[in-house]
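Colleague: Handing you this structure, nothing more for now.
Numbering (my numbering), first residue to last: 32 to 101.
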C-alpha cells in the first residue's frame, strides 16, 4: 500500500514566463507593440508587474517562434 505524505497539490497554473509570453505575443499580434520597435526587458517587466527573468525567458521563446528578432 502506498504511503501517504502531508503534501499540498502542486499549482499547475501558468508560470510567470508563460503569462509574460502570452501578454507580449498578444501585444505583438494586435500591433499594440509596433513592428520594429525595440523591446526593453526592464520596461516590459515594469508594465507587466513582474521581474525581468520571466520576461527574458518569454522573449527567448518569442524569438524561437519567429515573433521577435534580437
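Using N, Cα and C, we set each Cβ at its ideal position, and we do this for glycine too.
Owing to the predicted nature of the structure, the values given are computational and were not obtained by experimental measurement.
How many angstroms separate the CA atom of residue 69 from the CA atom of residue 40?
Modeller: If you take the alpha carbons of residue 69 and residue 40, they lie about 40 Å apart.
Colleague: Along the chain, where does the alpha helix (DSSP H) containing residue 90 start, and where does it finish?
Modeller: Residue 90 -> alpha helix (DSSP H) spans 83–95.
Colleague: Using the three-state DSSP reduction, which class does residue 42 fall into: helix, strand or coil?
Modeller: The answer is coil: DSSP assigns residue 42 none of H, G, I, E or B.
Colleague: The ligand FMN heavy atoms versus the CB of residue 36: any closer than 6 Å?
Modeller: The model on display carries no ligand, and the ligand FMN is accordingly not part of it.
Colleague: Which residues bound the alpha helix (DSSP H) around residue 34?
Modeller: First-last for residue 34: undefined, no H or E at that position.
Colleague: Assign residue 37 to buried or exposed, taking buried as 16 or more other Cβ atoms, counted over all protein chains shown, within 10 Å of its Cβ.
Modeller: It is exposed - the Cβ of residue 37 has fewer than 16 other Cβ atoms within 10 Å.
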